[in-house]
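S.K.:
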Amino acid sequence: MAIRNQLKLLLTAGSLITTALAGPVQKTAHDDDDDTPLPLVIWHGLGDNYAAEGLHRVGDLAEAIHPGTLVYYIRMDDNTQRDSSATFFGNLTEQVAKACADIAAHPILASAPAIDALGFSQGGQFLRAYVERCNNPPVRSLVTFGSQHNGIVKFRDCGTTDWVCKAAMALLRGNAWSSYVQSRLVPAQYYRDPEQYDQYLDSSNFLADINNERDIKNEAYKANIEKLENLVLYMFDEDTTVVPKETAWFEEVNGTEITPLRARKMYSEDWLGLRALDRKGGLQFRTAPGDHMQLEEKLLNETFAEFFGPVKLGKKGVSQPAPAVLGDGDL
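Mapping of the sequence shown onto mature numbering (1 follows the signal peptide of the UniProt record, and there is no 0): residues -22 to -1, 1 to 309, in sequence order.
1) Note down, in chain order, each residue of its chain lying with its Cβ closer than 6 Å to the Cβ of Y212, except the 5 sequence neighbours on either side.
2) Could you give the C-beta distance for N183 and S156, rounded to a whole number, given that I count them as a contact under 8 Å?
3) What are the boundary residues of the alpha helix (DSSP H) that L106 is part of?
4) Using a Cβ-Cβ cutoff of less than 7 Å, which residues in the same chain neighbour T225 once the five nearest sequence positions on both sides are dropped?
5) Taking the straight line between their C-alpha atoms, what separation do you get for A154 and A145?
6) Would you call the CB atoms of A95 and V117 closer than 7 Å?
7) By the 10 Å Cβ neighbour count, where 16 or more other Cβ atoms means buried, how is G37 classified, buried or exposed?
8) Can you check which of these residues, Q100, A198 and Y245, is closest to D22 by C-alpha distance?
9) Could you check if G233 is buried or exposed, using at least 16 other CB atoms within 10 Å of its CB as the buried criterion?
10) In the region 44 to 107, which residue ranges form an unbroken beta strand (DSSP E) of at least 3 residues, counting only runs that do not cross its ends?
11) Anyone know if the C-beta pair for L70 and Q174 falls short of 7 Å?
12) Between which residues of its own chain and N279 is the CB-CB distance below 7 Å, once the five residues before and five after are set aside?
13) At the level of alpha carbons, what is the spacing between N196 and A82?
14) List the whole-angstrom C-beta distance separating residue 310 from F228, where the pair is believed to meet the contact cut-off of C-beta under 8 Å.
15) Between I86 and Y51, is the Cβ-Cβ spacing less than 7 Å?
16) On a Cα-Cα basis, can you pick out the residue from R170, L185, K200 and L273 that is closest to L132?
17) At the level of alpha carbons, what is the spacing between A241 and I194?
18) Pull up the CB-CB distance for N200 and N190, whole angstroms please, since I reckon it's below 8 Å.
19) May I ask you to report which of helix, strand or coil DSSP gives K290?
20) Which term fits Y158, buried or exposed, when burial requires 16 or more other beta carbons within 10 angstroms of its beta carbon?
21) Expressed to the nearest angstrom, what Euclidean distance is found between the alpha-carbon atoms of T47 and Q177?
22) Rounded to a whole number of angstroms, what is the C-alpha to C-alpha distance between T65 and M54?
23) Which residues does DSSP list as the beta-bridge partners of F214?
24) Quick one: what's N208 bridged to in DSSP?
25) In chain order, what residues of the same chain have a beta carbon less than 8 Å from the beta carbon of L252, not counting five sequence neighbours either side?
26) Report all residues from its chain with a CB closer than 6 Å to the CB of K290; omit the five preceding and five following residues, and keep chain order.
27) Out of P115, V231, E207 and T58, which has the shortest C-alpha to C-alpha gap to D80?
28) Of the residues C78, G68, D26 and V164, which one's Cα is nearest the Cα of Y108?
29) Could you name the residues that DSSP lists as bridge partners for E230?
30) At the level of alpha carbons, what is the spacing between E31 and K223?
31) Give the single residue among N113, A254 and F104 whose Cα lies nearest to the Cα of P165.
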């Protein structure tokens, strides 16, 4: 979802309205023994655009914690209105391929030994798809906030004058599994209802593939996830926008029954490399207070300090157990 200003900062659903910090973003050198931080790639959420002021304030915070950080904002179009529209309408296979090509063609990113990545809401699972499908340059640490890694079972409500959202949701509620919707409506491509699991496996254009849920597994996806130093999964503890909120931790929610990732077959059989990553201490389950995308500067600064920065920093967070979570959010 998008990000807007709060008392200290920042993030909640809606358009991004905040004052950007002063100071230019500086280009980074790429010597492994250098103190220059790795570049940071950010993918925004539903209804947002790459040039929004609040998103750039997040980039400024990252640069303030690690001076010299090059921040790159993924976009589907240089026109901000079309970039925002692409968060609702588009084929995710094509969008991820475009992000892969744009990053690989960037003169600085392409020459980096690695990059760090930050995904807000749906941008988190899109960046995970980048890791799995191309990973060139490779991602060191991927941090996601409120992302729908295990899909959603309910579509969002729209503002009274948000006509783009209303048009998208009307099509989604019509027939989420049709080839027309699955190739054109972004949220439908990470829709996953356990009660319609066979339809999901047959029809999903995106999520069933990047979660390696079909019978034939893509071993490259698994290998690329295993190469991460950290995959940091933030769930908002009062999320009422993403249903179920536990999707941020890859948890399976079927009615009132919640199955933690570590109790799921996708973990025990290691379809995605998450178990291997967990065993080396790289899979992080974190909570953020408040509703969806209600983030404060302090938490962002702590996250940037812990997981981003120079190559030789080599910091890892402490792996935390993923407790069972009671209750669902509302959309």
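Note that beta-carbon positions come from the ideal geometry of N, C-alpha and C, so glycine has one too. All values reported here derive from a predicted model rather than from experimental measurement.
M.R.: The answer reads as follows:
1) Shown here for Y212: same chain residues with a beta carbon closer than 6 Å to its own, the five before and five after excluded, namely F123, R264 and A266 in chain order.
2) That pair is no contact at about 11 Å.
3) Before going on, a small fix: residue 106 reads as Arg here, not Leu. Start and end: Q100 to R111.
4) Same-chain partners within the cutoff: Q126, H127, N128, G129 and I130.
5) Cα to Cα, the separation comes out at about 14 Å.
6) yes
7) buried
8) Contrary to the premise, residue 22 reads as His rather than Asp in this sequence. Nearest C-alpha to H22 among Q100, A198 and Y245: Q100.
9) exposed
10) 49 to 51 and 93 to 98
11) no
12) L39 and I43
13) 22 Å
14) Residue 310 cannot be examined here, being either before or after the span of the chain that is shown, -22 to 309.
15) Not a contact, by the Cβ cut-off of 7 Å.
16) Here the sequence assigns Lys to residue 132, which means Leu is not the residue at that position. Per the Cα distances, R170.
17) 21 Å
18) Contrary to the premise, residue 200 reads as Lys rather than Asn in this sequence. With 8 Å as the limit, K200 and N190 qualify as a contact, their Cβ atoms being about 7 Å apart.
19) helix
20) exposed
21) 44 Å
22) 9 Å
23) A266
24) S119
25) I203, L209, F228, L239, M244, Y245 and L261
26) none
27) Nearest C-alpha to D80: P115.
28) C78
29) T237
30) 26 Å
31) F104
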